[in-house]
Every structure is written in structure tokens, then in C-alpha cells.
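A.B. asks:
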Amino acid sequence: MFEVKDSKQIGAYIKKLIYSKYPSQRQFCIEYIKKMGFDEADSEQIRRTTNKVNQIIKGDRATVQVDDLPFFCELLQVSCEQILSCGDCYRPIKNHITNYEVAFSRNRKEWEAYMNREDNLFLNYDEYGKSVVDYALEFKNYDFIKFLMENGHLEFADNSAMGNGISFGLKTDIKRRDIGKTDIWPIPNTYYEPDNLFYEEVLRTRVLALATEKKDFEMLEKLRARMNPAMYNINICGTFGDDLIRQRNEDLICKIAESEDDIIEYYSDEYEVKDRLNHTNRFIYPYLSEVIEIMIENGNKNVERVLEKSIIHNEYVFNCLSENMNTYMQMLITKADEECGDWITPELKKINRDRAIKNALCGFKYNSDEKIVSYNYGIKRGVIEGMVSNIISIEKTPEKEPIKELVEKLNDLANKIIELGKER
203 MFEVKDSKQI
213 GAYIKKLIYS
223 KYPSQRQFCI
233 EYIKKMGFDE
243 ADSEQIRRTT
253 NKVNQIIKGD
263 RATVQVDDLP
273 FFCELLQVSC
283 EQILSCGDCY
293 RPIKNHITNY
303 EVAFSRNRKE
313 WEAYMNREDN
323 LFLNYDEYGK
333 SVVDYALEFK
343 NYDFIKFLME
353 NGHLEFADNS
363 AMGNGISFGL
373 KTDIKRRDIG
383 KTDIWPIPNT
393 YYEPDNLFYE
403 EVLRTRVLAL
413 ATEKKDFEML
423 EKLRARMNPA
433 MYNINICGTF
443 GDDLIRQRNE
453 DLICKIAESE
463 DDIIEYYSDE
473 YEVKDRLNHT
483 NRFIYPYLSE
493 VIEIMIENGN
503 KNVERVLEKS
513 IIHNEYVFNC
523 LSENMNTYMQ
533 MLITKADEEC
543 GDWITPELKK
553 INRDRAIKNA
563 LCGFKYNSDE
573 KIVSYNYGIK
583 RGVIEGMVSN
593 IISIEKTPEK
603 EPIKELVEKL
613 NDLANKIIEL
623 GKER
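Everything in the sequence shown is counted per the working numbering, starting at 203 for the first residue and increasing by one.
1. From residue 189 to residue 338, what does the alpha carbon distance come to, in whole angstroms?
2. When the Cα atoms are used, what is the spatial distance from residue 416 to residue 531?
3. What did DSSP end up calling residue 510 once you bin it into helix, strand or coil?
4. Going by DSSP, which residues form a beta bridge with residue 352?
5. Go to residue 543, then tell me how far its alpha helix (DSSP H) extends in each direction, as first and last residue.
6. Mind checking which residues open and close the alpha helix (DSSP H) that includes residue 304?
7. Relative to the alpha-carbon of residue 274, which residue among 302, 241 and 216 has its alpha-carbon at the smallest distance?
8. Can the beta-carbon of residue 594 be found less than 8 Å from the beta-carbon of residue 515?
9. Let me know the secondary structure DSSP gives residue 238 once reduced to three states.
10. Closest to residue 219 by CA distance: which of 242, 258 and 236 is it?
11. Within 10 angstroms of the Cβ of residue 588, are there 16 or more other Cβ atoms? Answer buried if so, exposed if not.
12. Among the residues of its own chain, which have a CB less than 7 Å from the CB of residue 242, if the five just before and after it don't count?
13. Assuming residue 513 and residue 455 form a contact by the criterion Cβ under 8 Å, report the distance between their Cβ atoms to the nearest whole angstrom.
14. On the DSSP letters alone, give me the boundaries of the beta strand (DSSP E) that residue 212 sits inside.
15. By the DSSP assignment, the alpha helix (DSSP H) with residue 251 in it spans what residues?
16. By a C-beta neighbour count over all protein chains shown, 10 Å radius and 16 as the cutoff for buried, is residue 230 buried or exposed?
17. In the DSSP output, which residue or residues are listed as bridge partners for residue 574?
18. Let's test the definition: count the other Cβ atoms within 10 Å of the Cβ of residue 336 and tell me whether it reaches 16, buried, or not, exposed.
19. Can you tell me whether residue 447 is buried or exposed? The criterion is at least 16 other CB atoms within 10 Å of its CB, across all chains shown.
20. Only counting the same chain, and skipping five residues up and downstream in sequence, which positions put a Cβ closer than 8 Å to that of residue 248?
21. Using the Cβ count rule (16 or more neighbours within 10 Å means buried), how would you classify residue 204?
22. Quick check on residue 313: buried or exposed, where buried means 16 or more other Cβ atoms within 10 Å of its Cβ?
23. Tell me whether the segment 340-359 and the segment 405-413 touch, counting them as touching only if at least three CB pairs, one residue from each stretch, are closer than 8 Å.
24. Assign residue 536 to one of two classes, buried (16 or more other C-beta atoms within 10 Å of its C-beta) or exposed (fewer than that).
25. Taking DSSP as the reference, what is the three-state secondary structure of residue 404?
26. For the putative contact between residue 458 and residue 605, defined by C-beta atoms under 8 Å, what is the C-beta separation to the nearest angstrom?
27. Beta carbon of residue 558, beta carbon of residue 523: below 8 Å?
28. With the cut-off set at 8 Å, would you say residue 332 and residue 301 are in Cβ contact?
29. Give the list of continuous beta strand (DSSP E) stretches no shorter than 3 residues that lie fully inside the segment 422-502.
30. Is residue 581 buried or exposed, if buried means 16 or more other CB atoms sit within 10 Å of its CB?
31. Residue 519 to residue 489, Cα distance in whole Å?
32. Per DSSP, which residues does residue 582 bridge with? Please list them.
33. Between the C-alpha atoms of residue 304 and residue 525, what's the straight-line distance to the nearest angstrom?
34. Is the beta carbon of residue 484 less than 8 Å from the beta carbon of residue 474?
35. Under 8 Å by Cβ, that's how I've got residue 576 and residue 438 pegged, so tell me the actual separation to the nearest angstrom.
36. So residue 449 packs on residue 402, CB below 8 Å; how close in whole Å?
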């Protein structure tokens, strides 16, 4: 229990609170008008509200009404018990916004107010170790994510020339405070720590799952949906994307597999990537094998089209690998024959050819986990040529035609590619 003070005491206490929170009584009245949903620019409304607050503060003819009390409590950030007891009775109140609330909100004004906070709440985790972006993805608040990205508050892929084409990671235009260095999100990634990159990639693929569900092609392209950071470590020398498996997002894979024509077309298109050796390589979505398997299981009518495009890709890989291996083999044969000069005989030619075939296989590498095949050879000192790409294969052959025939053709090509790298 607490004692309710008289109207004059309450008025004096409210006045004290107003001047502790606002630069002037007029400013408080304007905020009150906004909270009530009236036009803050209406001079007559301001006059009436100012008179009302004046009477409450004086406490002669009026006191704060029951209808007004919740608004006064919120604007002054105190409990109703504190106002009515003039500070003798305190009750804990919820007077701060949280990452959880903002991520759940659909109100753009609340988002803007949150991003303009001086305490940089956006850059910090809450007591549960979650950022506002973590919560927004949990709640599938796609509009809020788009708001952050469209206003430069959140960036998953840097497409600027300074970023060497595309560099993945999290960036924001909200600057960290210097004092105390307490603002920690996104995780500072100066040295590209693997765990940090993994966390950032998880967020990116979760956004992609939402964008795929919404069929937002602009967002898919902006985030380079078919790519991931691990693919930039893939090159003709056999440096494979060892994090491709770790960076899998099962929800995204399922969303793609459940999609319709246009989304499936997008994810099953081939694309080119320039690696760090300045070679341009052709790939297809690295998790397309898993997508196809789910499509077959679910009876997705688009699976035939995806299989046909995957067959075309495997054919390209087979032809490209064959061409590179044959080119290098012929180079080795020609060089060996020339070194023999006039001493060349049919027997030496056969030896040179057999040796060239064996040596030509040295540049072949295949990663069965990532389904990546690469080949490289040196044409002269400091100059390396070759190819790298991924292949598509399906573990379980379906029984229904024509899917069965397409899967068999796809797997046959994948096996032929792998066989090219084995000793003859």
C-alpha cells in the first residue's frame, strides 16, 4: 500500500519530473500530443494541452486524470505509483527498448528511432547473446531486414572495387563509440577469424532463405545467393572450399527445393567466378545435388528441368577437363619428342606418350566431399593454366521415368569426370 498525495503535491512532483526529462514544459506537451496521436504542428492543440498540463502542475483545479496517467508514466519513464505517491513508492518499470521488441515490430517509426539511439543498441548483443538481426531472422521480419539494408545499416556483401569484386561479411554505417569500446556487433573481423566469418555467413544465408521464400530476386542478386565465401578459396591449384559443408543452410536448401519455376531457374543457372589467381571459373550452385534429391523426394515438377541443366553443366566440366588434360599431354609429348631429336623411334614415341599421360594426371585433384574437381599445369615458369569447377551427382537413383534416365545420365557424366583423373 502507498499513500496518494494531494493534487498540489502531485502537480509539483510531475513538474519536477518534466524538467528532469525534457528541456521545457512545451516540449513535454508536444511529445504528449504525439503520443495521443494528434497533430504536433497544430498550434491550437498545443495551446490546449499546455493549459491542461499547467492546471495539473498547479493542482488547484485539476489533477492528472486516469486516462492521462498511462501517457504521463510512459513519457516520464516512471510508474503510476511513483507519480501518485510523489516518489515515496517505486515500482520497477520497463522503460527501455530491447533488441527483441524492435525485431518483432512492424512499425517503421520504431525502427528509425531505434537506429538513431545514442547508445548504439543496434551494435550490441542482449543478455541472451543475440543481436537485433538474430531476432529479426528468428521472427522472419523480412521488412525490417530490408529496411536495415536499404538504409545502409546492414550490408552482407561489398560489391565495391575496393572489395576486390565481392567480399563477404557484415558491415554497418552505425559507428562504434570510442569510449569503452563496448559496441561489439557485428563482430570486428580485422583478421578474418573463421568463426566470425562463419557466423556472418549463417546470417547471410538466413536472409537468403527469407528472400527465396519472398521471391525477391533483387535481394538474391544483391547477396550473390548462389555464392558463398568458401568459393573464393577455390582455384585451379586445388585449394578447395573446405567450409562449403560447414556453410550449408538446410533451411535455404529446402526453400529452393520447394520453389517454383523462376526461383529454380535462378539457382540452377551456371555463373562465373574470378579466383585469386585471376582465372575465371564456371560453377553451379554448390548445394544443387541436395536440392535435386529433395525435389525428387517431394515430387517437384521442376526437377526434370534442373536435372537437364545439371547435365549440361557436367558436360561442360567433362569437356573442359578433357581439353586441358589433352593440351598439357600434347605439350609434354612434343617437348619429349623434340628432346630426342634425330634419335626418336616408334618405341621412344610410345615411352614419351605413356610418360606424358602419367605426368599429365599429376595436376588433377578431386574433393569428393565438396564435389569439386580441379586441374592445373605450367606452360612456362610462373604461368599456370587449368580449370576448376563443381559437379552434380545424385546418390539415390529414382524408379520413375524420365527422372531415372536423367539421373543416370547425370551420374554417368560425374563418374567419367572422376575417371579422367585416374591412371589408365
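Glycine included, every Cβ here is placed at the ideal spot set by N, Cα and C.
C.D. replies: This is what the structure holds:
1. The structure shown does not extend to residue 189, since the chain is modelled only from 203 through 626, so no value can be given for it.
2. The alpha-carbon atoms of residue 416 and residue 531 are separated by roughly 50 Å.
3. Collapsing the DSSP output to three states places residue 510 in a helix.
4. Answer is none; residue 352 lacks a bridge partner.
5. Here residue 543 belongs to no alpha helix (DSSP H), and DSSP marks it neither H nor E.
6. First-last of the alpha helix (DSSP H) with residue 304: 301-306.
7. Nearest to residue 274 by C-alpha distance, out of 302, 241 and 216, is 216.
8. In this structure, residue 515 lies closer than 8 Å to residue 594 by Cβ.
9. Looking at residue 238 - three-state DSSP - the assignment turns out to be helix.
10. Measuring from the Cα of residue 219, the nearest candidate turns out to be 258.
11. Buried, since its Cβ has 16 or more Cβ neighbours within 10 Å.
12. Correct list, in chain order: 232, 235 and 236.
13. In fact, because the Cβ distance is near 20 Å, the residues do not count as touching under 8 Å.
14. Here residue 212 belongs to no beta strand (DSSP E); instead the alpha helix (DSSP H) covers 209-223.
15. Where residue 251 is concerned, the enclosing alpha helix (DSSP H) stretches over 245-260.
16. So residue 230 ends up on the buried side.
17. Bridge partners of residue 574: 569 and 592.
18. With 16 or more Cβ atoms within 10 Å of its Cβ, residue 336 is classed as buried.
19. Around the beta-carbon of residue 447, fewer than 16 other beta-carbon atoms lie within 10 Å, marking it exposed.
20. Contacts found: 228, 231, 232, 235 and 242.
21. So residue 204 counts as exposed.
22. Classification for residue 313: buried.
23. Segments in contact, yes.
24. With fewer than 16 Cβ atoms within 10 Å of its Cβ, residue 536 is classed as exposed.
25. The answer is helix: DSSP assigns residue 404 an H, G or I state.
26. Not a contact, Cβ separation roughly 18 Å.
27. Not in contact: residue 558 and residue 523 (Cβ atoms no closer than 8 Å).
28. Going by beta carbons, residue 332 and residue 301 fall inside the 8 Å limit.
29. Taking only runs of at least 3 residues, the beta strand (DSSP E) segments lying wholly in the segment 422-502 are 473-476 and 482-485.
30. Under this definition residue 581 is an exposed residue.
31. Residue 519 and residue 489 have their C-alpha atoms some 17 Å from each other.
32. In the DSSP output, where bridge partners are listed per residue, residue 582 has 585.
33. Residue 525 has its alpha-carbon roughly 56 Å from the corresponding atom of residue 304.
34. Against a cut-off of 8 Å, the Cβ pair of residue 474 and residue 484 comes out as a contact.
35. In this structure residue 576 is in contact with residue 438, their Cβ atoms being roughly 5 Å apart against a cut-off of 8 Å.
36. The pair is not a contact, with the Cβ atoms about 10 Å apart (cut-off 8 Å).
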